[in-house]
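Numbering follows my numbering, with no gaps: position 12 of the sequence shown is -4. The C-beta atom is built at its ideal place from N, Cα and C for all residues, glycine as well. Since the structure is predicted, the reported quantities are computational estimates derived from the model, not experimental observations. These notes concern the structure reproduced below.
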Amino acid sequence: MKKVIKFFEDIENISAIKSIRDGVIMVTPVVLVGSFSLVIKSLPFFNNQQFIATFFGNLLFKFFSLIYNATFGMLSVYMNIAISASYSRLKLNKVYNLLGAPITSIVCFFILIGISSGSVAQGFLGAKGILAAIFSSVVASIIYSKISNNTKGFKLLSQGVDFRFNGAVSVMIPFSVVVGIFSIFNLIIITVFKVYGFQELIISGTSWIFMKLGASFMGGLTYIFVLSLFWFFGIHGNNVLAGVNEILFGPGIEINEMNVALGNMPTKILTNEFFDVFVLIGGCGTLLSLLIAIFLFGKLRASKCLGKIAAIPMLFNINELMVFGFPIIFNPVMLIPFLLTPVVSFLTTYTSMATGIVPLTIHSVEGTTPVILGGYIATGSVRGSLLQIFNVLIGVAIYAPFVKIYEQKKINRATNIVTKLVELLKESELNGKPVVLTELRDNRGAIANMLAVDLKYAIGTEELALYYQPQHNNKGKCIGAEALLRWKHNVFGMMYPPLAIQLAHEMGFLSLLEKHIVTEAIEDIRFLKKQNYSGFKISVNVSGGTIQTDDFELFLHEKFKSGELEKGDICVEVTEQMALQNSGMTQDRFKRIRHMGYLMAIDDFSMGHTSLKYLQENQFDIVKLDGELVKGMNDNSRCKDIIASIIYLSKGLGFKIMAEYVETEMQRSELEKMGCVMYQGYLYSEAIPFDKFIKYLKITE
-15 MKKVIKFFED IENISAIKSI RDGVIMVTPV VLVGSFSLVI KSLPFFNNQQ FIATFFGNLL
45 FKFFSLIYNA TFGMLSVYMN IAISASYSRL KLNKVYNLLG APITSIVCFF ILIGISSGSV
105 AQGFLGAKGI LAAIFSSVVA SIIYSKISNN TKGFKLLSQG VDFRFNGAVS VMIPFSVVVG
165 IFSIFNLIII TVFKVYGFQE LIISGTSWIF MKLGASFMGG LTYIFVLSLF WFFGIHGNNV
225 LAGVNEILFG PGIEINEMNV ALGNMPTKIL TNEFFDVFVL IGGCGTLLSL LIAIFLFGKL
285 RASKCLGKIA AIPMLFNINE LMVFGFPIIF NPVMLIPFLL TPVVSFLTTY TSMATGIVPL
345 TIHSVEGTTP VILGGYIATG SVRGSLLQIF NVLIGVAIYA PFVKIYEQKK INRATNIVTK
405 LVELLKESEL NGKPVVLTEL RDNRGAIANM LAVDLKYAIG TEELALYYQP QHNNKGKCIG
465 AEALLRWKHN VFGMMYPPLA IQLAHEMGFL SLLEKHIVTE AIEDIRFLKK QNYSGFKISV
525 NVSGGTIQTD DFELFLHEKF KSGELEKGDI CVEVTEQMAL QNSGMTQDRF KRIRHMGYLM
585 AIDDFSMGHT SLKYLQENQF DIVKLDGELV KGMNDNSRCK DIIASIIYLS KGLGFKIMAE
645 YVETEMQRSE LEKMGCVMYQ GYLYSEAIPF DKFIKYLKIT E
């Protein structure tokens, strides 16, 4: 499996493949809007098409047609520009060339589709011309980048000439060379093959091959294979082979209908309905099978979200969103199942009908008719529906292992990026320089945004859990615990806790997350009380931004007012830095929270001037020593002096001291000698899940 994944990763790392993949992703909004406009226009239910065509003087039909024509009708243009722009980012080192390459590639695209032919060129601007769009964008960009990166171009250096104009003129040499090469290439094609251009040559050549094969078994098998192959390379195979289909397989259904009307048996196995209803279920590649395989075997939430969006169009055999959004095109992992599944469906369908197990198709079926219904209408038999179901299930079995391989490949790549995000966050924590992960303009930013969405989705699910680190007194009794958030991502496993907090903060739902933490902690302490654990508290960390809001204060008030808590059950911890953001309003708020019945603790306490001010005003019940002080006390006498000073202050100002990061008996003994009698750290336990924490309490009673 690892070697297979590595092979596909090597292919995807080729710059041309990367640029095609990224370009396809860039045009996803175009595909999405175009797909849904087509679905709305084409729904075969409740006289939908008649309603759309006649509503308000045909205005509704014109509205959706306008959207469709402006999206799918120009898809090749958008694809060409997007792929070229993607390649430019990878390979070009001059700012102006980032625009020069896409402009060059679109000119080359127009040359290949035979722009001088007028109506022929117009038809190729949509999905039908994607082959020429991809070919021209990749080849033109490669040649352009080679020339541009190895020449200085030329500039108009005369005084007063705008530097932007100089930059634009500097692309003239690569532009001229690339356009010249494509013009010569297309002229050769026009002269030798007597066609309008490169795109027309592909269509004509393909049609010639099929006419030689005819409407035979091999002709049908070759047709479905080539159709799928075209789609894999981003070419709208149905459009390209429309003429072939019309001549070879179009008359079949009419012949069958005529035979039935005359009381004879149908004779033609290969018809349009044969392919559309039983082979291309859900669209090219039998993609309904892929959709089901994603839901059954996929792990990535992004894939399933795409599946949910694409499901409705695919039920009506409109699959462009899956083809371009998953993506299928130029996705080496999906090549084998995408070609194999329709071929297998062709073989099972042909065998079933040739042997009489399933009746031949005798009725025309609207192209957007859903699966099961389409099989029944086409054959007039339930066996037609059962054959559709059988083909879909076979397709699911074919797609399933490749879905796993594809997702594992994506997981491997994303895992490396997650590791980089954690490293970046740790670096930020060390040097004190803030970082906004979700605004990074690279793959790290994309993964950070994805994780943020996953995190918000995980609130209230089993992915999020509270772990508890015990707190002991100098008598060895467990007197409480700190609740610490743990996020076990369904793909990446246990996440670095500060990363979750950072992402929630950046995306504006940290308060929601912290409310969830408090709610879970309250539920857990209520359970402990039922187990007769008294004099016990749970500490929860709350950010300064959250605790200073009226909404969170009201939340705490309602929780206490509901009777779920008793005074001192929950201790609200804020870090010293967070607590000091707003001295006036924050002090009043802290007083109100304490008055409700919550304990207040300040975490990571040092000896700053403002810190002492908070202690003088008696804002906190507990002060948790800065962990660096505790860890450094054995090697640095100044750390001991600072701790001793804080402990001395606690006796006069009426607050308690708790030491974190207590890892050895020597540390605990020294702290006790200085007067600190509450401890938290690995000397007792790491943070553990709630069920293990309950067992821990029973053992330490």
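Do residue i and residue j have their C-beta atoms within less than 8 Å of each other?
i: R470; j: P481; result: yes
i: A671; j: Y451; result: yes
i: S60; j: I114; result: yes
i: H500; j: G444; result: yes
i: Y383; j: L274; result: yes
i: R5; j: F310; result: no
i: I506; j: L494; result: no
i: E184; j: G291; result: no
i: S89; j: F48; result: no
i: I51; j: V15; result: no
i: I(-2); j: I67; result: no
i: I531; j: G464; result: no
i: K608; j: E644; result: yes
i: H220; j: A294; result: no
i: L655; j: Y663; result: yes
i: M306; j: M298; result: yes
i: F56; j: S120; result: no
i: G227; j: T255; result: no
i: G218; j: M63; result: yes
i: K551; j: G519; result: no
i: S369; j: G359; result: yes
i: Y334; j: I253; result: yes
i: M692; j: F604; result: Coverage of the chain is limited to positions -15 through 685, which leaves residue 692 absent and any answer about it impossible.
On the premise that residue j lies in contact with residue i, defined as a C-beta separation below 8 Å, what is that separation, rounded to the nearest angstrom?
i: S336; j: V327; result: Their Cβ separation, rounded to whole angstroms, is 15 Å, which puts S336 and V327 out of contact at 8 Å.
i: V179; j: I173; result: 7 Å
i: V558; j: I586; result: 6 Å
i: G421; j: G429; result: Reading the sequence as shown, one finds Leu at residue 421 and not Gly. Confirmed, about 7 Å.
i: K380; j: F330; result: As written in the sequence, residue 380 is Val, which differs from the Lys given in the question. Incorrect: roughly 17 Å between the Cβ atoms, too far for contact.
i: N375; j: T332; result: 6 Å
i: Y441; j: R285; result: 7 Å
i: N303; j: L323; result: Their Cβ separation, rounded to whole angstroms, is 15 Å, which puts N303 and L323 out of contact at 8 Å.
i: T190; j: V224; result: 7 Å
i: G665; j: E647; result: 5 Å
Name the one or two DSSP bridge partners that residue i has.
i: D587; result: T559
i: S523; result: E466 and C555
i: K472; result: M478
i: V607; result: I586 and I641
i: I672; result: Y452
Just curious, the alpha helix (DSSP H) that residue i is in, first and last residue?
i: K640; result: K640 -> not in any alpha helix (DSSP H); beta strand (DSSP E) instead, spanning K640 to M642.
i: M202; result: F201 to F216
i: P316; result: Where P316 is concerned, there is no enclosing alpha helix (DSSP H), given that its DSSP letter is neither H nor E.
i: M10; result: S(-1) to M10
i: S273; result: L271 to F281
i: T363; result: L357 to T363
i: E184; result: F182 to L197
i: F258; result: Neither: F258 is in no alpha helix (DSSP H) and is coded neither H nor E.
i: V307; result: E304 to G309
i: M650; result: E649 to M658
i: L290; result: R285 to L299
i: T251; result: No alpha helix (DSSP H) contains T251, which DSSP labels as neither H nor E.
i: G529; result: G528 to I531
i: K545; result: D534 to K545
i: N620; result: No alpha helix (DSSP H) contains N620, which DSSP labels as neither H nor E.
i: E548; result: Looking at the DSSP string, E548 is not in any alpha helix (DSSP H), and its letter there is neither H nor E.
i: F40; result: Here F40 belongs to no alpha helix (DSSP H), and DSSP marks it neither H nor E.
i: Y62; result: L59 to K75
i: H500; result: L494 to K514
i: G581; result: Looking at the DSSP string, G581 is not in any alpha helix (DSSP H), and its letter there is neither H nor E.
Would you mind reading off the limits of the beta strand (DSSP E) that contains residue i?
i: S347; result: Strictly speaking, residue 347 in this sequence is His, with Ser absent from that position. It is not in any beta strand (DSSP E) - H347 carries neither H nor E in the DSSP assignment.
i: Q664; result: M662 to Q664
i: L448; result: L448 to N457
Can you find a CB in chain B that lies within less than 8 Å of the CB of residue i?
i: I67; result: In the structure shown, chain B cannot be found, because there is only a single protein chain.
| request: Could you pull out every unbroken alpha helix (DSSP H) segment of at least 4 residues lying fully inside the region 365 to 446, listed in chain order? | output: 366 to 415 and 427 to 442
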